[in-house]
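Note that full-length UniProt numbering has the sequence shown beginning at 1, numbered continuously upward. Where a beta carbon is used, it is the ideal one built from N, C-alpha and C, also for glycine.
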Amino acid sequence: MKTKVEKGCLRFESVLVFFAIFFLCSFFLLAGFFGSIIISQDGKRVGPRHQLLESMEVEENGFISVPHGKTGDSSIYSIPFQVLSWSPRAFYFPNFATAEQCQSIMKIANSTLKPSKVALRKGDTPESVNGLRTSSGTFIKASDDSTGVLDYIEKKIARATMLPRSNGESFNVLRYEVGQRYVPHHDAFDPAHYGPQYNQRVASFLVYLTDVEEGGETAFPYENDSNKDIVIDYNGCLGLKVKPRQGDGLLFFSLLPNGTIDKKSLHGSCPVIKGEKWVATKWIHNTNFS
1 MKTKVEKGCL RFESVLVFFA IFFLCSFFLL AGFFGSIIIS QDGKRVGPRH
51 QLLESMEVEE NGFISVPHGK TGDSSIYSIP FQVLSWSPRA FYFPNFATAE
101 QCQSIMKIAN STLKPSKVAL RKGDTPESVN GLRTSSGTFI KASDDSTGVL
151 DYIEKKIARA TMLPRSNGES FNVLRYEVGQ RYVPHHDAFD PAHYGPQYNQ
201 RVASFLVYLT DVEEGGETAF PYENDSNKDI VIDYNGCLGL KVKPRQGDGL
251 LFFSLLPNGT IDKKSLHGSC PVIKGEKWVA TKWIHNTNFS
């Protein structure tokens with residue numbers, strides 16, 4: 001009797017297992033069927049985007065470039081920078097140029113250096129501004145550099161500033177020897193002192209071509225409203241100071257977003273105490289300069 005009961009239990013358990021397996025198989029079959037319908041409908045909606053992604057170029061850094069206009073770039077660029085100040089807007093670009101590129105620029109400029117000049121304001125004379133800027137310098141167009149270094153640097157500056165190359169002046173390559181400096185000034189031309197300006201300097205980009213042992217900093221004495229109530233003794237080199245390091249870049253804006261001159265962009269080159277300072281400056285205008 002006991003054996004018959006055990007056999008009956010086994011048959012009952014077998015039936016239960018069968019129905020359980022049948023139910024699970026049916027469930028997964030139906031889930032797969034309806035899931036495939038949902039996916040196929042969703043695929044119809046995102047199909048064009050999927051095709052667009054396939055047409056995009058995947059960069060080495062993992063970013064995906066998109067179709068560009070006639071004056072755009074086919075690649076995505078990443079140029080590291082540090083915000084130095086928002087008042088004035090000043091940004092630092094480490095390792096913007098290589099040591100070899102810096103040496104090449106100095107070699108091109110060395111033979112044509114002349115005493116630097118300043119733009120005369122109303123009432124100024126060459127004698128009255130003597131000593132304000134004591135460096136030597138020269139202007140060089142990127143197209144005049146057969147090595148292609150200035151062309152490369154100019155393109156990189158355009159990407160870093162997001163301002164067209166055509167808005168820039170020629171490179172002003174400068175050399176400061178011991179004791180030489182440039183007193184505080186604005187790169188933008190104030191119409192009150194220089195007359196109406198129809199093509200104004202909006203930004204300046206400096207590429208430091210050498211290290212300087214001591215002195216030679218680019219200083220912003222009025223950064224964040226500092227020192228505005230005192231007479232500036234520039235030998236003291238006040239305010240935010242940027243020490244030259246070979247290959248590094250400095251960008252600052254002379255105009256505020258509303259187009260007026262940023263008074264806090266007043267800046268100058270501290271006297272070189274030890275060593276020699278070389279810098280390539282690119283002044284960029286708010287309209288086509290060429």
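**Report entry** Pick from 87, 166 and 63 that is closest to residue 74, judged by C-alpha positions
**Finding:** Sequence index remark: in the sequence shown, residue 74 carries index 74 (1-based). Taking only the C-alpha atoms, the option nearest residue 74 is 63.
Query raised in the report: Since residue 157 is in the alpha helix (DSSP H), which residue starts that stretch and which ends it?
Result: By one-based count along the sequence shown, residue 157 stands at place 157. 149 to 161 is the span of the alpha helix (DSSP H), which, as asked, contains residue 157.
Query raised in the report: What residues in its chain sit with their C-beta under 6 Å from that of residue 43, if we drop five residues either side in the sequence?
Result: Counting from 1 along the sequence shown, the entry for residue 43 is found at position 43. Confidence in residue 43 is poor, its pLDDT being 43 and thus under 50, which makes the residue's placement too unreliable to answer from.
Requested in this report: Kindly say whether residue 230, judged by its beta-carbon, lies nearer than 8 Å to any beta-carbon of chain C.
Outcome: Here chain C cannot be found, since the structure has a single protein chain.
Requested in this report: Return yes when the Cβ of residue 188 is within less than 8 Å of the Cβ of residue 254, no when it is not.
Outcome: Taking the first residue of the sequence shown as position 1, residue 254 is located at position 254. Taking the first residue of the sequence shown as position 1, residue 188 is located at position 188. Result yes, Cβ atoms of residue 254 and residue 188 sit closer than 8 Å.
Requested in this report: Please report how far the alpha carbon of residue 106 lies from the alpha carbon of residue 222, in whole angstroms.
Outcome: For this step, residue 106 is matched to residue 106 along the sequence shown. For this step, residue 222 is matched to residue 222 along the sequence shown. Cα to Cα, the separation comes out at about 31 Å.
Report task. Identify every residue that forms a DSSP beta bridge with residue 280. Result -> As a first step, residue 280 is located in the sequence shown; it is residue number 280 there, counting from the start. Per DSSP, 173 and 207.
Requested in this report: Put residue 184 into one of helix, strand or coil per three-state DSSP.
Outcome: On the sequence shown, position 184 is the one that residue 184 refers to. Strand, per DSSP.
Query raised in the report: Measuring CA to CA, which of 247, 194, 166 and 165 is closest to residue 277?
Result: In the sequence shown, the residue the question calls residue 277 occupies position 277. Checked all of 247, 194, 166 and 165; the closest Cα to residue 277 is 247.
Query raised in the report: Do you know whose CA, among 154, 108 and 117, lies nearest residue 283's CA?
Result: Your numbering for residue 283 matches position 283 in the sequence shown. The shortest C-alpha separation from residue 283 is found at 154.
Query raised in the report: Roughly how many angstroms separate the alpha carbons of residue 205 and residue 96, rounded to a whole number?
Result: Along the sequence shown, one-based indexing puts residue 205 at 205. Along the sequence shown, one-based indexing puts residue 96 at 96. Approximately 11 Å, taken between the alpha carbons.
Report task. Starting from the C-beta of residue 159, find all residues in its chain whose C-beta is less than 8 Å away, skip the five residues before and the five after it, and write them out in chain order. Result -> As a first step, residue 159 must be located in the sequence shown, where it is residue number 159. Answer for residue 159: 73, 77 and 79, listed in chain order.
Report task. Report yes or no: do three or more beta-carbon pairs, one from the stretch 255 to 267 and one from the stretch 164 to 177, lie closer than 8 Å? Result -> no
Query raised in the report: With C-beta atoms as the reference, is residue 190 less than 8 Å away from residue 245?
Result: Position 190 of the sequence shown, counted from the start, is the residue given in the question as residue 190. Position 245 of the sequence shown, counted from the start, is the residue given in the question as residue 245. In this structure, residue 245 does not lie closer than 8 Å to residue 190 by Cβ.
Query raised in the report: Should residue 216 and residue 176 be called a contact, given that it needs their Cβ atoms to be closer than 8 Å?
Result: Residue 216 sits at position 216 when you count from the first residue of the sequence shown. Residue 176 sits at position 176 when you count from the first residue of the sequence shown. For residue 216 and residue 176, yes; Cβs fall inside 8 Å.
Requested in this report: Give the DSSP-derived three-state secondary structure of residue 79 in the structure shown.
Outcome: Looking up residue 79 in the sequence shown gives position 79. Reduced to three states, the DSSP call for residue 79 is coil.
Query raised in the report: When DSSP labels each residue in this structure, what does residue 70 get in the three-state scheme?
Result: Residue numbering aside, residue 70 sits at position 70 when the sequence shown is read from its first letter. Three-state result, residue 70: coil.
Query raised in the report: What are the boundary residues of the alpha helix (DSSP H) that includes residue 108?
Result: Position 108 of the sequence shown, counted from the start, is the residue given in the question as residue 108. Its alpha helix (DSSP H) spans residues 99 to 110.
Query - Neighbourhood of residue 140 by C-beta, 7 Å cutoff - its chain only, sequence neighbours within 5 removed - result: Reading the sequence shown from its first residue, position 140 is the one you call residue 140. The residues are 108, 109, 150, 170, 171 and 173.
Query - Buried or exposed (CB count within 10 angstroms, at least 16 for buried), residue 288 - result: Taking the first residue of the sequence shown as position 1, residue 288 is located at position 288. The residue in question, residue 288, is exposed, as its Cβ has fewer than 16 Cβ neighbours within 10 Å.
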